[in-house]
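The next block holds one structure in the form of structure tokens; read it before the comments.
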Amino acid sequence: MSTLSIAQRTPVNFYVPVSAAAGAFAGLLVGTSQGSTIIGVLAGAVILAVLAFGATTLLAERPARWGILAAFGLAGLLIGALPGLIVGLMFGWFFGWFIFWLFEGRYRVGLPPYLTMGQVLWHYTFRVICGAIFVFLITPILVVLPLSFNAQDFFTFTPEMLAFDPAGYSLKHYRDFLTNDAWQDALRNSLLIAPMATLLSVSFGTLAAIGLSQPHVPFQRVIMAVLISPMIVPLIISAAGMYFFYSRIGLQGTYMGVVLAHAALGIPFVIITVTATLVGFDQSLTRAAANMGANPVTTFFRVQMPLILPGVISGGLFAFITSFDEVVVVLFVGSAGQKTLPWQMFTGLREQISPTILAVATILVVISIGLLTVVELLRRRSERLRGMSPG
Amino acid sequence: MTDATQHSGPMLAADGTPLKRSLARALRMQKIRALMLIAPLLIFVLVTFILPIADMLFRSVENQIVRDTLPKTVIALQDWDPASGAAPGEPVFAALAQDMKIAVEAKSHTRLGSRLNYEFTGAASLFRKSGRKVKRMDLDTDAPFKETFIDIDKKWGEPEIWKTIKRYSPAYTNGYFLNSVDMRKGADGAEARPENQRIYIKLFGRTMVMSMVITISCILLGYPVAWILANLPMRQANLLMILVLLPFWTSLLVRTSAWKVMLQQQGVINDTLVWLGLVADDARLIMINNQFGTIVAMTHILLPFMILPLYSVMQTIPPTYLRAAKSLGANNWTAFWRVYFPQSVPGIGAGSILVFILSIGYYITPEIVGGTKGVFISNRIAYHISSSLNWGLAAALGTILLAVVLLLYWCYDKVVGIDNVKLGG
């Protein structure tokens, strides 16, 4: 990819019709929402064609783009007040950029010069498709955030919210979450269960991972399969089995039972991440420590543990998330006394009680962004450490 | 050279034992140490997880309730010929009276009634009714019992209930499994249930078909994304990766509630469509509580599981191959289809099996957005555990599902290897 094309101005009979087509498409949407599709399409095409020709021949790029932005903003304001202004500004910014992107031939920059017109078109169509898929991935999560500030008890945007009226927004669902006993009990249960389960699975899991990464382990594949199985078996089956078995031995409906069940579900994640970290661990370091007189316990805590700590922590985070986010097993193994946050959300969704769920969801999204950052930082640190260790 | 010729005996370690034995001992010690480290966890997983699964497998065939509750009756029934077309004789009824007397004391007759009710509709009320009367019965004076029982309920005089008791008297039964494939134990072995009672085959079929649709949509949506992630410069790809990982890390309940918000009739998508004028206000689309809702929500939830393996495979495909193909005269499509695609097939395989396995066992999302038409077999299992209390049938359905999943995992192991399971990029 050494020789890339440079921007070259395009002829009028290229950029004006393309701009007009884009305008027609935008006009289709605006026109339909305003009542007349055909007028919208025609007006859009004409406006964009005129704008494209006028802006490129009469003005320099910067004033032209500001002008287009302002014009569209004003038009939006006239049609639909404050929300209209925002939509108008978005359209204005896009078309200003789009016209000059076409006119200056910037769309060719960064692409191999030998591409045909069709290939360039496909390149950008493909980008647009991918963009749409990313929108599909992220929109549901983004939609929840503003809705959690809804002043009404609705699961949808109210007219006040769309008009950016401050009266349409409130923190009442957050207040409800913080003061409602049911939600607070659920939060407390989640915070009691998840750390205990994490502690159990991390301590047992790290030991076992160290054992598994020794050079000569009999039945390694079978043991690995057994230890990974909680991740493989569908949750509903684990839940059913645990429900049957734990009610036989009197653990069903107890705090202990839920902790044990969640610890079992978290173990595969600890095993996988810690064994992956141990692959990069230099076994001669433990021999060196032993050589200098350290006993196995000292060796483990002073030499091995600090080096594999990132793996252990990210395994622990996975286990924590598994327990914190788990609902199927706790539904069956737990009883009303062990109602966790996801369980409370689940019942809320089934009976559709209040948008407090959305407030909780927003808090959880923020937490998961935080955890994602932590895991990513740990992974980088681990890779750096691995790069430093010899071998 | 001289050393080797001097020692004719076996090589010795420092402490004088033969080197071979010494090494073997060291190896054994190493193995024992490794096993000791693994043992606590292995025992933990066996007790908290493997035993419950085994218990479920056991429950799917276990059927001791009939012979435990009616021990004498079961023995007395051995001489009765179901083909005779008549109710058994007085000895059987006498045995039944004795058994019922004990069962009523222990209040276990209603449980037996509801157990037999799964196979013979009306058994629950029959046992409850008879239990009340048996309580007042005097075993020594009230003979003959046959008339007494038939007086309580005419069903005792018909052979059907006796056939059911006799059929389910062994300690183990395949009845639950037959039930879960829409069959039942008939006079001579298994027979199909009547047309209107067949639900499980259909449900298994629907679970499979919908999982397949979800998997295919994941391939269609995941492939372009994985491609662009693998072909963009590192910095941009990492930024876009966040958009894939954020949904992956967000709570399942959050994503499911988001889809409920999006899809419902007064929801965001419908509102947008109405605002754009594409849909009339009184003709809002019904996108939730049906199969469409389940498929869309689950495709979104499982998409990262498709993108991540695809991405890791595509990263290893050199971009020069495509350029080489094009310089040799292939057009875009040929270059992709004949050169790039075959190399990405392992990623598609890994992602598809993963998504398929995850989706056939899903419970939460179909329960919330699936309504009645969009539910999976797992919802039925949950129903039998918590509502209908037919645990044996739930266990049998679970066992079949487990068998399917394990079979698929075996395939997964053959295609990619279980060790290659990766978490979040």
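Protein sequence lines correspond, in order, to chains X and L. If you count the first sequence from 1, you need to add 23 to reach the numbering used here. If you count the second sequence from 1, you need to add 872 to reach the numbering used here. Every residue, glycine too, gets a C-beta built ideally from N, C-alpha and C.
Contact annotation for residue 348(X) against chain L: 1123, 1124 and 1125 [CB-CB distance below 8 Å, chain order]. Excluding sequence positions up to five before and after residue 1226(L), its CB lies within less than 6 Å of the CB of 1177, all in the same chain and listed in chain order. Here residue 1056(L) is bridged, per DSSP, to 1063(L). Annotation for residue 367(X): the continuous alpha helix (DSSP H) segment containing it runs 364–374. In this structure, residue 1139(L) places its C-beta atom within 8 Å of the C-beta atom of residue 178(X).
For the pair residue 297(X) and residue 229(X), the CB atoms are nearer than the 8 Å cut-off. Comparing C-alpha distances from residue 96(X) to each of 82(X), 113(X), 380(X) and 86(X) shows the shortest one belongs to 113(X). The shortest C-alpha to C-alpha distance from residue 1215(L) to any of 1120(L), 1193(L) and 1281(L) is the one to 1193(L).
When DSSP states are grouped into helix, strand and coil, residue 1157(L) belongs to the coil group. About 12 Å separates the beta carbon of residue 996(L) from that of residue 1033(L), a gap too long to meet the 8 Å contact definition.
Under the 8 Å Cβ criterion, the region 359–370 of chain X counts as touching the region 267–283 of chain X, having at least three qualifying pairs. When the Cα atoms are used, residue 108(X) and residue 141(X) turn out to be separated by approximately 36 Å. Our two residues, residue 1245(L) and residue 381(X), have alpha carbons roughly 26 Å apart in a direct line. Nearest to residue 261(X) by C-alpha distance, out of 1270(L), 935(L), 937(L) and 910(L), is 1270(L). Considering only beta carbons, the part of the region 1074–1107 of chain L lying closer than 7 Å to chain X consists of 1093, 1096, 1097 and 1100, in chain order.
Contact residues of the region 106–126 of chain X toward chain L are absent (C-beta to C-beta distance below 8 Å). Close to chain L, meaning a Cβ-Cβ distance shorter than 7 Å, are the following residues of the region 341–373 of chain X: 341, 348, 350, 351, 355, 365, 368, 369, 372 and 373. When DSSP states are grouped into helix, strand and coil, residue 884(L) belongs to the strand group. Rounded to whole angstroms, residue 915(L) and residue 241(X) show a C-alpha spacing of 16 Å. The beta carbons of residue 1158(L) and residue 1137(L) sit about 7 Å from each other, so the pair counts as a contact at 8 Å. Distance between residue 390(X) and residue 1122(L), taken at the CA atoms: about 9 Å. Residue 937(L) and residue 991(L) have their alpha carbons spaced roughly 14 Å apart. Shown here for residue 967(L): same chain residues with a beta carbon closer than 6 Å to its own, the five before and five after excluded, namely 944, 945 and 948 in chain order. For residue 63(X), the closest of 78(X), 46(X), 183(X) and 73(X) by C-alpha to C-alpha distance is 46(X).
Non-local beta-carbon contacts of residue 219(X) in its own chain, meaning distances under 7 Å to residues more than five positions away in sequence, involve 282 in chain order. From the beta-carbon of residue 266(X), the residues of chain L found nearer than 7 Å are 1257. Burial check for residue 176(X): the Cβ neighbour count within 10 Å stays below 16, so the residue is exposed. Not flagged as an interface residue toward chain L: residue 129(X), since no C-beta distance is shorter than 8 Å.
In the three-state scheme derived from DSSP, where H, G and I count as helix and E and B as strand, residue 378(X) is classed as coil. In the structure shown, residue 189(X) falls within a helical segment according to DSSP collapsed to helix, strand and coil. The Cβ neighbour count for residue 209(X), taken over all protein chains shown within 10 Å, is at least 16; the residue is labelled buried. Beyond the five residues adjoining it in sequence on each side, residue 1090(L) comes within less than 8 Å, by CB distance, of 1171, 1174, 1175, 1177, 1178, 1223, 1224 and 1227 in the same chain, given in chain order. Against chain L, the beta carbon of residue 253(X) has neighbours under 8 Å at 917 and 921, listed in chain order. DSSP lists 884(L) as the bridge partner or partners of residue 890(L).
Contact annotation, residue 1273(L) with residue 1232(L): C-beta distance approximately 7 Å; criterion of less than 8 Å satisfied.
At a cut-off of 8 Å between beta-carbon atoms, residue 79(X) makes no contact with chain L.
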